[in-house]
Structures are given as C-alpha cells and as structure tokens.
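Residue numbers (this note's numbering): 245 to 312.
To start, the structure itself, in structure tokens.
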C-alpha cells in the first residue's frame, strides 16, 4: 500500500468517524427533545401518564385539530 493510499484510507476513516459522531449527536438531541415534549404533555394532561400508547394516540387524534 502506497503512502497516498494510506492517507486516503485514513481520511476516509476520519470522515466515517465524524459522520458517526454526528449521528450520535443528532440521536441524543432527538431523545432530549422527545423527553422534554413528553414532560410538557404530562404536565398539561396528567391523565396521559396512565394511558397505553395506542390509547394516547387515539386521545390526541380526537382532541387536536387535523392539519392537512
């Protein structure tokens, strides 16, 4: 393997590692946002704490206006 090939391979690995870090960062940000949104939902509608997810979804569909 030539020096140029090694440098190219190293650059490719650095790029893949950077992309993996970005995916982790995005996933953590999404998780944080979902937790915050769930906390707001529970604060505003305490009864949702005891609902199954499918029941909660049906409840929200009935209560919220539909957007097309």
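Every residue, glycine too, gets a C-beta built ideally from N, C-alpha and C.
Keep in mind the model is a prediction, meaning the values are calculated, not measured.
Counting along the chain, the unbroken alpha helix (DSSP H) around residue 248 starts and ends at 247 to 288.
Annotated as proximal: residue 293 and residue 286, with beta-carbon spacing under 7 Å. Judged by DSSP secondary structure, residue 296 falls outside any alpha helix (DSSP H); it is assigned neither H nor E.
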